[in-house]
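Residue numbers for the sequence shown follow the numbering used here, beginning at 273 and rising by one. Have a look at the structure below before the remarks.
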Amino acid sequence: MYDQLSLYPITNSKRLSLSLDGMWNFCFDPASIGEKENWMSGLHSSISLPVPSSFQDLFTDQYSKNYCGDFWYERDFFVPEHDGNIQLRFGSITHRGVVYVNGVKVTEHEGGFLPVLCDITSCVRKGEVNHLSVKANNELNERSLPCGAVKTLKNGTRIAAPYFDFFNYAGLNRSVYLVLLPEERIQDYSVNYTLNDQDALVDYEVRTNGEHEVKVSLFDKEGNCVAQSNGKKGQLKVEKAHLWKVRNAYLYTLKIAIEDGGKLIDAYEDKIGIRTVKVEGKRILINGEEVYLKGFGKHEDFDIIGRGFNLPLLKRDYECMKWMNANCFRTSHYPYAEEWYRFADEEGFLIIDEVAAVGMMRSTHNFVDAGMGKYTSFFETPTVPELLKNHLSQVEEMITRDKNHPSVFAFSLFNEPETTSSFAHDYFAKVFEKAREIDPQHRPMTGAFEKNSAPEKCQCYMLVDFMCLNRYYGWYISGGPDISDAVEKFHDEMKRWEAKGFNGPIVFTEFGTDTLATEHKLPSVMWSQEYQCEYLEENFKVFDTYDFIQGELVWNFADFQTTEGIFRVNGNKKGVFTRERQPKDSAFVLKRRWENK
Ligand code: CKX
273 MYDQLSLYPI TNSKRLSLSL DGMWNFCFDP ASIGEKENWM SGLHSSISLP
323 VPSSFQDLFT DQYSKNYCGD FWYERDFFVP EHDGNIQLRF GSITHRGVVY
373 VNGVKVTEHE GGFLPVLCDI TSCVRKGEVN HLSVKANNEL NERSLPCGAV
423 KTLKNGTRIA APYFDFFNYA GLNRSVYLVL LPEERIQDYS VNYTLNDQDA
473 LVDYEVRTNG EHEVKVSLFD KEGNCVAQSN GKKGQLKVEK AHLWKVRNAY
523 LYTLKIAIED GGKLIDAYED KIGIRTVKVE GKRILINGEE VYLKGFGKHE
573 DFDIIGRGFN LPLLKRDYEC MKWMNANCFR TSHYPYAEEW YRFADEEGFL
623 IIDEVAAVGM MRSTHNFVDA GMGKYTSFFE TPTVPELLKN HLSQVEEMIT
673 RDKNHPSVFA FSLFNEPETT SSFAHDYFAK VFEKAREIDP QHRPMTGAFE
723 KNSAPEKCQC YMLVDFMCLN RYYGWYISGG PDISDAVEKF HDEMKRWEAK
773 GFNGPIVFTE FGTDTLATEH KLPSVMWSQE YQCEYLEENF KVFDTYDFIQ
823 GELVWNFADF QTTEGIFRVN GNKKGVFTRE RQPKDSAFVL KRRWENK
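Okay, structure coming up:
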């Protein structure tokens, strides 16, 4: 059972969250000798490195940038006198880590995009300085998410060989907190909503580790208490409820308290948004109203910090998306830092929250190979049970962490796996079953399908509530002067899906062209800004032909770093914005379209 996974760290009269962000000591451990040599008690030689940040682009040499293996972070931290429970909360450790306090192992965690929590109550010295170290590792394999391999060069250097199209940034990418909590505490809560004419019912469940009374109250924006209930499980009735609407959010404050008689034991407060989500026939309904998704697939990616969390960058991205009249994004291809969801809640953005199940096809150029029909027997490998175990636990951690965000209206459980075998079907059936069992709001579950997952071949499309298609007609397929063929092929595929009788909406979660901000050409050529605009217009005509198409999320919001290779010019350039977040011409095309869509 998770303690605090869904509870973003806060400070109030009963809880204290202290940031451990700043400069940490750092060193590589290529021979994996750190544990044997007791580095958890102190690194012998290290450099200073900032947290949060990926480590790769902070260096000026190739070896460090492409380093693959174990690496260590450490710092000292002061623990105030405190009677209750003491925890550490890492926003993430990418891709896996072992945490030590004062030389004692306190936890280990697999998966680089979800929080790592450790109860350190019994091993810290209160009122004193303590020592914290993390042994992290960024190797890719086929047993954990995301999938890939490690390649050993002839000179012995080991580098990452991702089966996916983004740079393998790693490190302590998100904030780290020391969290002081009461011994008897709120550990988790969940909410679900029913709309009843003008009123709303908020079903809630609170988990605590004690038996004292739980009180739950809901406050409107003005601070008026609009509903109250006692008990770990109950219902709040909100009369004339303000609904959380797309791009017009209303947030209530939920206050949870544990009390002993009149004495407060613990308190937690969070913002929640009352809204319902449903897929009905070919429509996606928020509060019973149809919504057409407009927006992007994104990445956590920026110059120098890599995948490190940065608040100004978050703000700029939201401002750009608002300027574009977007209403949605997919957290391709992994759960993002929690701040992304909190801000989406405030701004009324919809999020398709994606687990890091990417690279489930054995290819370092899967964006090319998959479209060519290559089959790699990915789900027929002896390591699949281990992969499934990790996939299931990361789905559970993601849903537990993000379940209370009104912005999260769907979970994506994969991106572009090899879905054409019964092995894949059996694998994903288990993933979907688990996700549906966990989500207290019974939100739609989906996954993003690549071109190879064609209507006649795909064995997994029947598992999803709405289908996310990643399609590149006019780029990977029949690009440039062949674009009219691309359009015909696109229509042909849509008709085949129609004939298949999939009884749900289709959302395009990827379509786009690599475009260099420097290139202009009349008539257009592939890679020019003009071509990106023309390609989008051709895609829109197809989208507008079919009533079951219920959304368009362009690939990508901004240019981003990838592994080097002949298919990438210093990264993937499919951004509508440059990596510096300046608009390409296509941004104006999309902005115009989305204003009235
Ligand atoms: N989809 C044909 C996954 C993304 C890639 C994108 C691309 C592919 C396309 C698959 O992570 O970046 O090639 O641009």
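Where is the CB? At the ideal position from N, CA and C, for every residue including glycine.
- One alpha carbon belongs to L664, the other to D857, and they sit about 41 Å apart.
- Per DSSP, W612 is one residue of the alpha helix (DSSP H) stretching across E610 to E619.
- As computed with DSSP, F349 is found in a beta bridge with N402.
- Under the three-state reduction of DSSP output, Q334 falls in the helix class.
- Judged by their CB atoms, A629 and N687 are nearer to each other than the 8 Å cut-off.
- Inclusion of W827 and F783 in the CB contact set at 8 Å is warranted, their separation being smaller than that value.
- Burial check for N842: the Cβ neighbour count within 10 Å stays below 16, so the residue is exposed.
- Around the beta carbon of A830, 16 or more other beta carbons sit within 10 angstroms, so the residue counts as buried.
- Between Y613 and S679, the gap from beta carbon to beta carbon is short of 8 Å.
- For F331, the CB contacts under 7 Å within the same chain, skipping 5 residues up- and downstream, are K337 in chain order.
- In this structure, the alpha-carbon of T790 lies about 8 Å from that of S800.
- Distance from the Cα of A682 is smallest, within the candidate group Q854, Y647, G631 and V627, for V627.
- CA-CA distance, N496 to T525, rounds to 10 Å.
- Here the distance from the Cβ of G751 to the nearest heavy atom of the ligand CKX is not below 7 Å.
- DSSP places G369 in the strand class (E or B) of the three-state scheme.
- For R864, the enclosing alpha helix (DSSP H) starts and ends at D857 to N868.
- With a threshold of 7 Å, the Cβ atom of H605 counts as near the ligand CKX, since some heavy atom of the ligand is closer than that.
- Within the stretch 448-479, no run of alpha helix (DSSP H) reaches 4 residues while sitting entirely inside it.
- Bridge partners of F343 according to DSSP: F300 and A408.
- Per the coordinates, the alpha-carbon of V388 lies some 10 Å from the alpha-carbon of T366.
- With contact defined as three or more Cβ pairs closer than 8 Å, the stretch 432-447 and the stretch 500-509 are not in contact.
- The stretch 519-535 makes no contact with the stretch 566-579, as fewer than three CB pairs between them are under 8 Å.
- Across the structure, D460 and S796 are spaced so that their CA atoms are roughly 54 Å apart.
- For N582, there is no enclosing alpha helix (DSSP H), since its DSSP letter is neither H nor E.
- In the three-state scheme derived from DSSP, where H, G and I count as helix and E and B as strand, L417 is classed as coil.
- In the three-state reduction of the DSSP assignment, G752 falls in the helix class.
- Distances between the C-beta of A642 and the heavy atoms of the ligand CKX include at least one below 7 Å.
- Of the heavy atoms belonging to the ligand CKX, none sits nearer than 7 Å to the Cβ of K729.
- When beta bridges are read from the DSSP output, R634 appears opposite no residue.
- Contact between I528 and V488 holds: CB atoms are separated by about 5 Å, below the 8 Å threshold.
- In this structure, F650 has its beta carbon at no less than 7 Å from each heavy atom of the ligand CKX.
- Burial state of N409 is buried, judged by a 10 Å Cβ sphere holding 16 or more other Cβ atoms.
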